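Okay, so here's the structure we're looking at.
In this note's numbering, the protein residues as written are -19 to 143.
Next comes the structure, spelled out in structure tokens:
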């Protein structure tokens, strides 16, 4: 760190290393993702950890990137929605279920919901409806009313339970 409180470091995002030069030590992860690396899929909503729109995965765990200092993610694997999407443009089973259940309207919250749900399903592949409701309560959606989101995640959990 130089005398003005700026750092330079490397972040690994979606499997790619990014050199981040001269960023304030207090910069949040969402600021670095959007403004330095130009990954715009992570949405900035409430800016105080209440809405989940900025959810990313750090070492597989769902994290509100508006509350995480970017420097705290040094040496860790960060995944944004851009890294979650299949490279061939196809949809994952979770994305397919969200489309099938009409759980996507304006789309603003969906990147955070997808990553939070994927983290939940990775930890608990056959999650129950109650587990899904509890774990997803930090992700807000102003459009769908949640029933379709819950149904989509539950469908994927039931499919994984059957594996």
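For each residue, glycine too, the CB sits at the ideal point set by N, CA and C.
What you are looking at is a predicted structure, and each value in this text was computed from that prediction instead of being measured.
Indicate whether residue i and residue j have their beta-carbon atoms separated by less than 8 angstroms.
i, j, result
"residue 134", "residue 89", "no"
"residue 36", "residue 78", "no"
"residue 22", "residue 14", "yes"
"residue 2", "residue -10", "no"
"residue 46", "residue 28", "yes"
"residue 105", "residue 137", "yes"
"residue 32", "residue 4", "no"
"residue -6", "residue 63", "yes"
What is the DSSP secondary structure of residue i, counted as helix, strand or coil?
i, result
"residue 2", "strand"
"residue 83", "coil"
"residue 57", "strand"
"residue 73", "helix"
"residue 120", "coil"
"residue 78", "helix"
"residue 106", "coil"
Can you say whether residue i is buried or exposed, counting buried as having 16 or more other CB atoms within 10 angstroms of its CB?
i, result
"residue 122", "exposed"
"residue 25", "buried"
"residue 48", "buried"
What first and last residue would you give for the beta strand (DSSP E) that runs through residue i?
i, result
"residue -7", "-14 to -7"
"residue 101", "Note, residue 101: premise wrong, no beta strand (DSSP E); alpha helix (DSSP H) at 90 to 103."
"residue 47", "Per DSSP, residue 47 belongs to no beta strand (DSSP E) and is neither H nor E."
The alpha helix (DSSP H) with residue i in it runs from where to where?
i, result
"residue 12", "Taken as a continuous stretch (DSSP letters only), residue 12 belongs to no alpha helix (DSSP H), as it is neither H nor E."
"residue 41", "No alpha helix (DSSP H) holds residue 41; the beta strand (DSSP E) holding it covers 41 to 44."
"residue 27", "Element bounds for residue 27: n/a, residue is neither H nor E."
"residue 128", "127 to 141"
"residue 113", "109 to 115"
Who does residue i pair with in a DSSP beta bridge?
i, result
"residue -3", "-8"
"residue 38", "41 and 58"
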